[in-house]
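Number of protein chains: 2
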Amino acid sequence: MKNNIVVLSGGVGGARFLEGLIQAVPQEEIVVIGNTGDDEEFYGLHVSPDLDIVIYTLAGIVDEKQGWGFKNETYYTMQRLTKLGNDAWFQLGDQDLATHIHRTNLLKQGKTLSEVTDELVRHFDLKIKLLPMSNQPVRTVIKTSQRIISFQEYFVKNRAQDEVRDIIYQGAEKAKPVSGILEILHSAKAIIIAPSNPLVSIGTILSIPGMNKALQTSPAKIAAISPIIGGKTIKGPAAKMMQEMGMEPSAFGVAEFYRDFVDVMIIDEQDKNELKAIEKLGIKVGVTNTIMNDKKTKAHLAQAVLAYIDA
Amino acid sequence: MKNNIVVLSGGVGGARFLEGLIQAVPQEEIVVIGNTGDDEEFYGLHVSPDLDIVIYTLAGIVDEKQGWGFKNETYYTMQRLTKLGNDAWFQLGDQDLATHIHRTNLLKQGKTLSEVTDELVRHFDLKIKLLPMSNQPVRTVIKTSQRIISFQEYFVKNRAQDEVRDIIYQGAEKAKPVSGILEILHSAKAIIIAPSNPLVSIGTILSIPGMNKALQTSPAKIAAISPIIGGKTIKGPAAKMMQEMGMEPSAFGVAEFYRDFVDVMIIDEQDKNELKAIEKLGIKVGVTNTIMNDKKTKAHLAQAVLAYIDA
C-alpha cells in the first residue's frame with residue numbers, strides 16, 4: 055500500500071481533479087476517501103451523492119454540464135413519484151435510481167456502505183479504491199438564522215440562499231473511519247486534498263475521529279488544491295459559506311483551514327498575490343492553472359500537483 | 055356498508071371483470087379483496103402485482119396487451135439494474151417502479167399494506183375500496199417435482215413449465231384478514247368471485263383464517279365466474295395447475311372448488327354442457343359470454359352476473 059496516492063474528495067471538484075489524476079497515475083495506486091456527509095434518503099433510497107459523482111465521472115458516464123448524474127438521463131420514475139405526492143426538489147434520473155435501489159438493497163441485506171461502494175466501483179470497471187469516510191451515518195447539517203437543514207436541502211432545494219450560521223457534522227463523534235483508512239493515510243506515498251468545499255466536503259471527512267490526527271502524523275506529504283479562485287468557487291457555495299462562517303473566502307483562507315497538516319498549497323495563477331501570506335503560515339505554495347476545463351487541463355493540474363509534492 | 059358489492063380478485067382476469075363492474079355499479083359501492091400471495095421483493099422493493107393490476111387497469115393506464123404494468127412504459131432503471139448484476143426476469147418499468155419505491159418507503163415508515171394501498175387507490179383517482187387480503191405476509195409457493203419456488207418464479211421466470219405437486223400458502227396460518235374484511239363480507243349486498251386462478255389467487259385469499267367461514271356464513275349471495283372456458287384459461291396457468299393438482303380443469307372443477315360457499319356459478323356458453331353437473335352440486339348456474347374482449351363485453355358480463363345474483 056506504500057505506493058498509494060490518497061485523495062480526500064467531495065463532489066464535482068474532487069471528481070474532476072481525479073479525472074486528471076487517473077491520466078497521471080495508474081488507477082490501482084489511487085485511494086479516494088469520499089465524503090458521505092451529504093448522503094440522504096430520498097423516497098426510502100440511500101443516495102450517496104459524492105461517491106456517485108466520483109464513480110460516474112471516472113466511468114465517463116456523468117452528465118458533464120451539471121457535474122452529477124448520468125448523461126442522457128430520463129426522469130420517468132421521478133415524474134411518477136412526484137405525481138404520487140413525493141417531493142420533487144431532488145431529481146433522480148432513471149439510470150441513477152438503479153444505483154440507489156441497488157445500494158439500498160445491499161445495505162438492507164447487511165452489507166456496509168464501503169462494501170457496496172466497492173461493488174459499484176467494480177461494476178463500473180474502475181480500478182481505483184473508493185472508500186466512504188465512514189460506514190456510520192454522518193450528516194452535514196446547516197444551521198441558518200431560521201432553522202437546521204440538511205446540506206442537500208440547503209444546497210439543492212434552497213439554492214444556498216440561506217445565511218449559514220453554523221455547520222454541524224451530526225453523528226461524527228460516534229463514527230469511525232472505514233477500516234484501513236488511518237493505515238492508508240499513514241503509509242501513503244502522497245495525500246491530496248481535492249479542490250472540494252473545505253467546510254462541507256473535506257471538513258466532514260476531517261470531523262471523523264482520528265482523521266485529522268492521521269493527517270497530522272502521516273509521514274506522507276500533503277497537498278491541498280484551493281477550490282477558491284479569485285475569491286469565488288467554480289461550482290458550489292464554498293466561498294459564500296466560508297465568508298458567512300467568518301473565514302476569508304480565498305486561497306489563503308483555505309490554507310488557514312488546512313494549516314494543521316498541509317505541506318503544499320496549490321493555488322491558481324489568479325491568486326499568486328496570496329503566495330507570501332500562505333508561506334507565512336509555514337506552508338509551501340504551488341502556483342498553476344487550477345481551472346479544469348477539459349481532459350488536458352485536468353491532467354495538467356494533476357501533474358503539477360504531483361510535481362510540487364515531489365519538489 | 056350494506057350496499058357493497060364485494061369482489062375477491064386476483065390479477066388480470068379479476069381486473070378485467072372489475073372494468074365491467076364499474077360500468078354497472080358506482081365505484082363507491084365496490085369493495086375488492088385483493089390477493090397478496092404473489093407479492094414479492096425485487097431489488098428490495100415491495101411489489102404487489104395483483105393489487106397494482108387492479109389499480110392500473112381501473113385507472114386506464116395498464117398495458118392492455120400484457121395485462122399488467124403501465125402502457126408506453128420504458129425500462130431505463132431496469133436495464134441499469136441488470137447491468138449492476140441483478141436478475142432480469144421480473145421486468146419492472148420506470149413508471150411502475152415509482153409505485154414500488156413509494157410503497158416500500160411508506161411500509162418502511164410503518165404504514166400497513168392496506169393503508170398504502172388505499173393511498174395509491176386515491177392517487178389514481180379511483181373510488182373503489184381495495185383491500186389486500188391481509189397486512190401480514192402470505193406467500194404462495196409452488197412445490198414442483200424438484201423444488202419449492204415462489205409463484206412469480208414459477209409463473210414469470212419459468213413460464214409455468216414446472217409440474218405443480220403442491221401449492222403452499224406460506225404464512226397464512228398466522229395471518230389475519232385486514233381489519234373490517236369479515237364484517238364487509240357479512241354485510242355485503244353480494245359477493246363475486248372474479249374469474250381468477252382458483253388455486254393461487256382466490257385460494258390464497260381463502261387460506262387466510264376466517265375468510266372461508268365468512269363466505270360460508272355470509273347472508274349475501276355469492277357468485278363465482280369460472281376462469282376456465284372450454285377447458286382452458288384465457289390468461290395464466292389455472293387450467294394446467296388444476297389438472298396437475300388432480301382437479302378437473304373445467305367450469306365444473308371450479309364449481310367443485312367453491313362448492314362450500316358459492317350460490318351461483320357463472321360459466322361460459324361454450325361450457326353449457328356442464329350446467330347439469332354443476333347444478334347437481336347444489337349450485338345454480340348462469341350461462342353467458344364470459345370472454346372479455348372490450349369495454350362492452352366486460353360491462354355485459356358484470357351486468358349478467360348481477361342479474362343472476364338478483365334472480
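If you read the protein sequences in the order shown, they are chains L and W.
Using our numbering, count along the first sequence one by one with no gaps and you end on 365.
Using our numbering, count along the second sequence one by one with no gaps and you end on 365.
Note that the Cβ used here is the ideal one computed from N, Cα and C, for glycine as well.
For W:Lys349, does the count of other Cβ atoms within 10 angstroms reach 16, so buried, or fall short, so exposed? exposed
Would you check if the distance between the CB atom of L:Ala356 and the CB atom of L:Ala69 is smaller than 8 Å? no
Pairing CB atoms from the region 78-93 of chain L with CB atoms from the region 178-188 of chain L, are three or more of them under 8 Å? yes
Check for me: the alpha helix (DSSP H) holding W:Lys119 runs from which residue to which? Taken as a continuous stretch (DSSP letters only), W:Lys119 belongs to no alpha helix (DSSP H), as it is neither H nor E.
Could you round the C-beta distance between L:Val192 and L:Ile238 to whole angstroms and report it? I think they count as a contact, below 8 Å. The beta-carbon separation of L:Val192 and L:Ile238, rounded to 19 Å, does not stay under the 8 Å limit for a contact.
Would W:Gly98 count as contacting chain C if we go by Cβ distances under 8 Å? Protein chains L and W are contained in the structure displayed, whereas chain C is not.
Can you find a CB in chain W that lies within less than 8 Å of the CB of L:Gln145? no
Euclidean distance between Cα positions of L:Met132 and L:Leu146: Going from the Cα of L:Met132 to the Cα of L:Leu146 covers about 6 Å.
Whole angstroms is fine: what's the gap from L:Arg242's alpha carbon to L:Glu82's? Per the sequence shown, the amino acid found at residue 242 of chain L is Ala instead of Arg. Going from the Cα of L:Ala242 to the Cα of L:Glu82 covers about 13 Å.
Span of the alpha helix (DSSP H) around L:Leu260: Gly257 to Leu260
Please return the same chain residues whose Cβ sits closer than 6 Å to the Cβ of L:Met301, not counting the five positions on each side in sequence. Contacts found: Gly307.
For W:Lys286, I'd like the list of residues in its chain whose CB is within less than 6 Å of its CB, leaving aside the five on either flank, ordered along the chain. Ala293
Shorter than 8 Å from the beta carbon of L:Gln206 to some beta carbon of chain W? no
Check this for me: beta carbons of W:Ala277 and W:Tyr362, under 8 Å apart or not? yes
Could you please tell me which residues of the region 176-191 of chain W, in chain order, have their CB closer than 8 Å to any CB of chain L? His177
Rounded C-beta distance between L:Leu160 and W:His156? I'm assuming under 8 Å. The Cβ separation is near 21 Å, so there is no contact.
Beta strand (DSSP E) runs contained entirely in the region 319-344 of chain W, provided each spans 3 or more residues: As far as the region 319-344 of chain W is concerned, its whole beta strand (DSSP E) runs of at least 3 residues are 338-342.
Whole angstroms is fine: what's the gap from W:Lys162's alpha carbon to W:Gln190's? When rounded, the distance between both Cα atoms is 14 Å.
Return the first residue and the last residue of the alpha helix (DSSP H) that L:Leu167 is part of. Leu167 to His177
Residue(s) in a DSSP beta bridge with W:Phe96: Per DSSP, W:Leu99.
Residue range of the alpha helix (DSSP H) that includes L:Lys349: Residues Lys349 to Asp364.
Residue-level contact to chain L via CB, W:Ile155, 8 Å cutoff: yes
My output table needs one value for L:Gln206: the three-state DSSP class, helix, strand or coil. helix
Euclidean distance between Cα positions of L:Ile320 and L:Ser280: Rounded to whole angstroms, L:Ile320 to L:Ser280 spans 6 Å at the Cα level.
Based on Cα-Cα distance, which residue from W:Pro291, W:Ile245 and W:Ala226 lies nearest to W:Leu72? W:Ile245
Cβ closer than 8 Å: which chain W residues qualify as neighbours of L:Thr128? Thr128, Tyr130 and Asp148
Taking C-alpha atoms, which residue in L:Val116, L:Leu135, L:Arg134 and L:Val210 lies nearest to L:Glu127? L:Val116
CB of L:Leu269 within 8 Å of CB of L:Phe315, strictly: yes
Taking all protein chains shown into account, decide if L:Lys352 is buried (16 or more other Cβ within 10 angstroms of its Cβ) or exposed. buried
Could you tell me whether the Cβ of W:Leu355 comes closer than 8 Å to any Cβ of chain L? no
Would you verify that the beta carbon of L:Lys125 is, or is not, closer than 8 Å to some beta carbon of chain W? Taking 8 Å as the CB threshold, L:Lys125 stays off the interface with chain W.
Residue-chain proximity (W:Ala152, chain L), Cβ-Cβ < 8 Å: yes
Need the endpoints of the beta strand (DSSP E) that L:Gln224 sits in, please. Val218 to Gln224
Would you kindly report the start and end of the unbroken beta strand (DSSP E) that includes L:Ile182? That residue, L:Ile182, is in no beta strand (DSSP E); it is neither H nor E in DSSP.
Out of L:Lys289, L:Thr90, L:Asn251 and L:Lys119, state which residue places its alpha-carbon closest to the alpha-carbon of L:Pro231. L:Thr90
Bridge partners of L:Arg193, per DSSP? L:Gln224
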